[in-house]
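Working notes for the structure below.
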Amino acid sequence: MSRILKTMIVLLAIAAMAAPAFATDFSISGQMRVEGYYNDLDSNSDADMHWDQRLRVQSVWKVSDEVKVVLRTDIGESAWGSNGQYSVRHPASNSGQFQIDKAYLEINKEMFKLTAGEQYYGSPNAILVDNLGTGLVLTIKTPISIKLNYTKYDENGSYIDEDATDDQDAYSAVIGYAADNFSVDGILAMLDNQATDDTRYGYGVAGNFKAGDFAINAEFDILDGDNGAGTDYVGTQLFVDANTDISETLNLGGWFWYVAGTDDEDEEVIVDVTNWDSFNPLWGGYVGQCVLAADPITGWGPNDSIGNAGLIGAAFYATAKVNDDLSLKFQGAYTTDEDDTAYDFDLVSVTASGKYKVATNTYFMADAIYNDLSSDAMGDDDSISFWTQLQVNF
16 MSRILKTMIV LLAIAAMAAP AFATDFSISG QMRVEGYYND LDSNSDADMH WDQRLRVQSV
76 WKVSDEVKVV LRTDIGESAW GSNGQYSVRH PASNSGQFQI DKAYLEINKE MFKLTAGEQY
136 YGSPNAILVD NLGTGLVLTI KTPISIKLNY TKYDENGSYI DEDATDDQDA YSAVIGYAAD
196 NFSVDGILAM LDNQATDDTR YGYGVAGNFK AGDFAINAEF DILDGDNGAG TDYVGTQLFV
256 DANTDISETL NLGGWFWYVA GTDDEDEEVI VDVTNWDSFN PLWGGYVGQC VLAADPITGW
316 GPNDSIGNAG LIGAAFYATA KVNDDLSLKF QGAYTTDEDD TAYDFDLVSV TASGKYKVAT
376 NTYFMADAIY NDLSSDAMGD DDSISFWTQL QVNF
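Per my numbering: the sequence shown = residues 16 to 409.
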């Protein structure tokens, strides 16, 4: 066990024992997961198979009804055998051994809430804005909610902001209104790299509506900017998801996804301002991974770099609760290019998934995914993938 990890465990233990002396409440929650992965790609002679694990622990110090401090850590996040028998104790990547992904304070008053530190920044649906980082989030509590985000994205190697070491900062605002059966949000976002004059802008409208057993979620976005070197950023996209409860145990739905392409050599299609791939409707299973972004069948991710071909896609899905312990999911999706002058592709993705409650707060989940790709630019290929996950929440 590393010195850093030992020190962290000791500090958490001391904090837990000392908490009553300086705080009204202290709590620990988290998740332990072990995953198995198998991907058989036709173009490869052998399948990719491996195991990995992650322990996530979140501690909350509630100083008062208005103030709290949050710390979330990931420990031993690594593939088994990636560094021999030291894979978890001393992963090949130091960040896998012990990582702090949230560390922030929160001040929650009647008219506003302020969080400061390492935290999550996201817009509705996590399409335009989606990242962990250091900064501030101010939520103003009025009938119309106003959420203002600032992220110090990158100091670019120096605290002195001059030419090549000038900062890269992210800003966003979400202005919304919510009622009993609907909500609507306006989204503004910007990522500004002052060192390179690379600037991205995003403008969006997102809404949810529910009437009885029927629910719909939609978002429309426009993106622009330029990379500071003669290429203009462009983007027009729409996502709509609708579903209905057929019974207490069966839900049926579908989605439509559109991203405009371009054939202009001086333009680049972008689909987000900041992005950690949280949004991916093709991830149709309980484990929630593997199609496109995590699958080498395409060589590109649907949310990171769709490319100038754009995308038109649609899917049908079903969720069934078999009993109190077992739930099943199915999704069939088809995506194709919007502008085939950049490159063309057709992708059929089918996902079947199950989630079984093994014990209290303990679940076994499995996804089976089949992909069939046809593309002049990327070749014709297909794959069969399996993800399994054993998960304990505490």
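Just so it is clear, CB atoms sit at the ideal spot from N, CA and C, and this is done for glycine as well.
Keep in mind that this is a model prediction, so the values were computed, not measured.
THR149 sits in a strand when the DSSP states are folded into three classes. Between THR289 and GLY243, the C-beta spacing is not below 7 Å. DSSP places ASN232 within a strand segment (E or B) once states are collapsed to three. In this structure, the beta-carbon distance from LEU147 to LEU163 does not fall below 7 Å.
The beta carbons of THR356 and ILE327 sit about 15 Å from each other, so the pair does not count as a contact at 8 Å. By a beta-carbon distance limit of 8 Å, GLY132 contacts THR149. Their separation comes to about 7 Å.
Annotated three-state conformation of THR366 is strand, per DSSP. Segment contact: the stretch 164-181 against the stretch 199-210, three or more CB-CB distances shorter than 8 Å; contact assigned. Taken through DSSP and simplified to helix, strand or coil, ASP391 comes out as coil. Contact fails between the stretch 49-58 and the stretch 70-82, because fewer than three Cβ pairs, one in each stretch, are under 8 Å apart. Fewer than three pairs of CB atoms, one per stretch, sit closer than 8 Å, so the stretch 113-123 makes no contact with the stretch 175-184. The C-beta distance from ALA141 to SER293 rounds to 4 Å, short enough to meet the 8 Å contact threshold.
Around the CB of TYR101, fewer than 16 other CB atoms lie within 10 Å, so the residue is classed as exposed.
In the assembly as shown, PHE360 is a buried residue. Its beta-carbon has 16 or more other beta-carbons within 10 Å.
Cβ contact annotation for GLU282 (same chain, cutoff 8 Å, sequence separation greater than five): THR246, ASP247, TYR248, VAL249, ASN323, in chain order. By the criterion of a C-beta distance shorter than 7 Å, ASN376 is surrounded in its chain by VAL407, ASN408, PHE409, once the five residues flanking it on both sides are discounted. Our two residues, VAL85 and ILE115, have alpha carbons roughly 11 Å apart in a direct line. MET126 counts as exposed, since fewer than 16 other beta carbons sit within 10 angstroms of its beta carbon. Counting of Cβ neighbours within 10 angstroms places MET64 among the exposed residues, the total staying below 16.
The beta carbon of THR88 lies closer than 6 Å to those of VAL72, ILE115 in the same chain, with the five residues before and after it left out. When C-alpha distances from ASN196 are compared across ALA230, GLY300, ALA367, LEU129, the shortest belongs to ALA230. In this structure, ASP354 lies near ASP278, with their beta-carbon atoms less than 7 Å apart.
Close CB contacts of ASP256 within its chain, under the 6 Å cut and outside five residues either way in sequence, are with ASN232, TRP270 (chain order). Ranked by how close their Cα comes to the Cα of SER342, the residues TYR358, ASP382, ASP397 have ASP382 in first place.
Boundaries of the beta strand (DSSP E) around GLY269: 265-274. When ASP396, ILE190, GLU177 are compared, the shortest CA-CA separation from ILE155 is found for ILE190. The bridge partners DSSP lists for THR211 come to none.
ALA221 sits in a strand when the DSSP states are folded into three classes.
Between LYS77 and the set ARG104, ILE43, GLY227, the nearest pair of CA atoms involves ILE43. In the DSSP secondary-structure assignment, LEU129 is bridged to ILE122, LEU153. For the set GLU263, ASP395, ASP391, THR403, the Cα lying nearest the Cα of ALA335 is the one of GLU263. The residue among ALA367, ILE285, VAL302 with its C-alpha nearest the C-alpha of ARG215 is ILE285. GLY219 is positioned such that its CB atom lies closer than 7 Å to that of GLU234. Per DSSP, the unbroken beta strand (DSSP E) holding VAL84 starts and ends at 82-94.
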